[in-house]
Structures are given as structure tokens and as C-alpha cells.
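One structure below.
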Amino acid sequence: MSLPSHLPAAAPAPPEPQLWLARYGDELYRYARARVPDAASAEELVQDTLLSALDGLASFRAEASERTWLFVILKRKLIDYYRRRARHPEIGLEALDATGPTEATFFELHNGHWRGEQHPISWDPADGPMELQELREVLRRCQQKLPPQQEAVFALRFVEELSAEEICRELGLSAANYWVLVHRAKLQLRRCLEKNGLGRAATA
Amino acid sequence: MLRIISCQRATLLLEQRAEAALPPTERNSLWLHLRYCPYCRRYARQTVLIAELARAATAAPEQAGLSAEARQRLQERLRQAGLGRS
Numbered sequence: 110m111s112l113p114s115h116l117p118a119a120a121p122a123p124p125e126p127q128l129w130l131a132r133y134g135d136e137l138y139r140y141a142r143a144r145v146p147d148a149a150s151a152e153e154l155v156q157d158t159l160l161s162a163l164d165g166l167a168s169f170r171a172e173a174s175e176r177t178w179l180f181v182i183l184k185r186k187l188i189d190y191y192r193r194r195a196r197h198p199e200i201g202l203e204a205l206d207a208t209g210p211t212e213a214t215f216f217e218l219h220n221g222h223w224r225g226e227q228h229p230i231s232w233d234p235a236d237g238p239m240e241l242q243e244l245r246e247v248l249r250r251c252q253q254k255l256p257p258q259q260e261a262v263f264a265l266r267f268v269e270e271l272s273a274e275e276i277c278r279e280l281g282l283s284a285a286n287y288w289v290l291v292h293r294a295k296l297q298l299r300r301c302l303e304k305n306g307l308g309r310a311a312t313a
Numbered sequence: 005m006l007r008i009i010s011c012q013r014a015t016l017l018l019e020q021r022a023e024a025a026l027p028p029t030e031r032n033s034l035w036l037h038l039r040y041c042p043y044c045r046r047y048a049r050q051t052v053l054i055a056e057l058a059r060a061a062t063a064a065p066e067q068a069g070l071s072a073e074a075r076q077r078l079q080e081r082l083r084q085a086g087l088g089r090s
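Residue numbers (the working numbering), protein chains in the order written: chain Z, 110 to 313; chain D, 5 to 90.
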């Protein structure tokens, strides 16, 4: 039996699922762990990723590396994770009001200007010295305090860097609801960062 | 045409501006508002900083990988799912 003379120069390497955990396990886990609040959820995300990849082995084309392919799956699983947390996709604006502080917390009802006690204060480093690492940690804790829908929108927009359009599709939000959620999340995070040290040294 | 807008509106427009260019009317209204409102000028810087921090926070360097127990659990789960058959 003779081999064909026109073999492709480099046959794509077949995937090696038995080595996935050893090769990519830690990396996948760290990626997930930096994005979810607890170790158990991160482990579950890695598990779901590897199981999905096993299921989809037939569709793996080796156009991308195995590693890239696994990360694409993990990112998809993360979006699903946030979607599950946000849950109620058809929620109306009236219902949103029940999930935490609203614009009325921050702005005067009659003219929409900042309420006195909510005036953004300066975050100049001289006023509240904070290590960058500490700052990131505070932000993560603040993110976890957001109502679930705001948390999901914020994470998808500013951490996963999805577009507004993609987020609306994933979470079943109207554009108007999306902007309300982004706006409220930012207002609340800003206040939370301030409560936890930013710009406070001057007044303390 | 310039229109006086509230701080509530201005801070919302700041978020929308980060996603896509604002229509000229909104852009002008926001510009005028920021010119006269020190609080919203401050907010404009801080909201960008929050976005930058959020993105950077996931790149935290020294993080532990999978624990031995977690690795064991995953191995077992993958085996059940069919890896062992091949």
C-alpha cells in the first residue's frame, strides 16, 4: 500500500484530552478564579469547560491551538455563569427599583443634580493613599455587593469587555434597561470605593 | 443646540460616551455641563478609573492554581465522562 505523495505539510495535531488537566488546568482555573467570588465556582467552571470540550471533540478542527479552544469554551461558560446570576431576564424597570439604591439615592428628584452628601469627592492620591493591589481588592468586594443584575452587566461590560449589544442579547435586556444598570452599577461602585478608603484621608 | 442637562443625565451620557460616540446634541450638552460642573468632571475621571481597575483586577499575578483535591475531583469527573474508555 503506497502513501499518497501529496500529504499536507503539517497534519494538525490531534487533541490530547487526557493531558488537558495537567497542561491547562491551573491556567484555566486561575483565569476563572480571578473572575468569580469563590473557589468552588471556579472549579466548576473548569469542570464544565473540560466536559464541554470532551463532548465537542469531534468539532475541534485544530485551526486554533487546543489551549485557545479551551479558553473560548471557558469564556462562554463565564457568560453563562453571569447570566444565571442575573437570572430574571424579562425584568422591567419598576422591578429594577427593588434591587438596591436607585438614581434617586444619588440625585435630587426635582432637578437631577447631585444630592449634597453624594457629591463626588476628590480621589487625589495625596488625599487617600492606597496601594493598587489593595484598590483592586476593594473593587472586587464592592462588585460582589452589587445587586445580581448590576453585577452581571458590570462584569460582562468592564471585565469580559462584551459590547452593549452582546450583553443585551445575553441577558435579555432592552437598551434602556442596560443603561440604567450600567449607570447604577457605576454610581454604586464609586460610592463603595469611597466608603472603603478612596479620598477619605482628608476628612477622616 | 445647547441644552442644560442635569447631573443625573450627564453621568449617564458619560457611560454612553464610553461605548460609542454621542450624537452631536448630546455631546454638546455634556460638554457644556462638564464645563460648569466640577462634581461631574470629577465623576468623569473616576468612572474611567473604575473601568480600568476592573479590567486590571483580573490580571492579579500570584494566584494559586488548582488544589490537589480539586485536581483529583476533576480527574475523576473526566474519567467518568469517558476519558477512561479510550
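We treat Cβ as the ideally placed atom computed from N, Cα and C, and that holds for glycine.
In DSSP terms, what residue i is bridged to
| i | result |
| --- | --- |
| F344(Z) | What is shown of chain Z runs 110 to 313, which leaves residue 344(Z) out entirely. |
Between the CA atoms of residue j and residue i - distance to the nearest angstrom
| i | j | result |
| --- | --- | --- |
| Y133(Z) | A72(D) | 15 Å |
| A24(D) | L128(Z) | 43 Å |
| Q156(Z) | P124(Z) | 17 Å |
| L166(Z) | F267(Z) | 31 Å |
| Q252(Z) | R49(D) | 19 Å |
| I8(D) | Q259(Z) | 29 Å |
| G69(D) | D135(Z) | 5 Å |
| R185(Z) | E270(Z) | 13 Å |
| A294(Z) | T214(Z) | 13 Å |
| A143(Z) | A264(Z) | 12 Å |
| W178(Z) | Q84(D) | 22 Å |
| A284(Z) | Q20(D) | 11 Å |
| L244(Z) | N220(Z) | 33 Å |
| L18(D) | C44(D) | 9 Å |
| I54(D) | R300(Z) | 11 Å |
| E303(Z) | Q227(Z) | 10 Å |
| Y191(Z) | S231(Z) | 32 Å |
| Y287(Z) | A273(Z) | 8 Å |
| T51(D) | Q12(D) | 14 Å |
| S150(Z) | Y140(Z) | 12 Å |
| G225(Z) | Q76(D) | 55 Å |
| D233(Z) | E246(Z) | 19 Å |
Check whether residue i and residue j have beta carbons under 8 Å apart
| i | j | result |
| --- | --- | --- |
| H276(Z) | V289(Z) | Reading off the sequence, residue 276(Z) comes out as Ile, not His. No, they are not a contact pair. |
| L218(Z) | L187(Z) | no |
| L16(D) | H222(Z) | no |
| L77(Z) | A58(D) | This structure cannot settle anything about residue 77(Z), because the visible part of chain Z is limited to 110 through 313. |
| A14(D) | E152(Z) | no |
| L130(Z) | Q79(D) | yes |
For residue i, the nearest candidate out of the options (CA to CA)
| i | options | result |
| --- | --- | --- |
| Y47(D) | P229(Z), Y138(Z), R139(Z) | P229(Z) |
| R193(Z) | Q242(Z), I182(Z), E274(Z), G281(Z) | G281(Z) |
| E279(Z) | D147(Z), T158(Z), Y138(Z), R196(Z) | R196(Z) |
| Y138(Z) | R176(Z), R170(Z), L163(Z) | R176(Z) |
| A162(Z) | R77(D), P42(D), G86(D) | G86(D) |
| P42(D) | R81(D), S10(D), L82(D) | S10(D) |
At least 3 beta-carbon pairs within less than 8 Å: the stretch 28-40 of chain D vs the stretch 210-225 of chain Z:
no
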